[in-house]
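Engineer: In the numbering used here, the protein residues as written are 1 to 106.
We put the beta carbon where it would ideally sit given N, CA and C, even for glycine.
Structure below; questions to follow.
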Amino acid sequence: MPACTSCRGEVQERFRFCPWCGAAQRMKVVELFAGHPLLEKDPEKALRVSCYLGEDEESRHVRFSVWGGGGTPRAEAAVSLSEEEAERLARFLAETARLADQQATS
Ligand SMILES: [Zn+2]
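Rendered as structure tokens:
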């Protein structure tokens, strides 16, 4: 079994984070987000977010790519954000969600 890059504890290969110390085990963590089921015409269209977790500040960034279907999935567009901009995006989404919650309850 592979060892954690930080504490050397045993970590299963499928784990993204060490269960013992929480250290990231991959240099890249990817998540795919589906398009809105009612608003998006192409059901295969999705947003892929790749977080690059390099040791140095220069290599750490977040890449967003729009994937289209049409039989063969392919990236139609992409942009890489700095950590600071990605954090700003996360705050923007969190604040917008909070506003939507407030509207729903008022
Ligand atoms: Zn560990």
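Verify whether the separation of the beta carbon atoms of Q63 and S50 is less than 8 Å.
Structural biologist: Here residue 63 is Arg; the residue named in the question, Gln, does not match the sequence. Contact check for R63 against S50 passes: the beta carbons are separated by less than 8 Å.
Engineer: Who are the Cβ neighbours of L81 in its own chain at under 6 Å, not counting the five residues just before and after it?
Structural biologist: V62
Engineer: What do you get for Q25, buried or exposed, if any count of 16 or more other CB atoms within 10 angstroms of its CB means buried?
Structural biologist: buried
Engineer: Would E44 pass as a contact of G69 if the rule is Cβ separation under 8 Å?
Structural biologist: yes
Engineer: Answer yes or no: do R91 and W67 have a C-beta to C-beta separation smaller than 8 Å?
Structural biologist: The answer is no: Cβ separation not under 8 Å.
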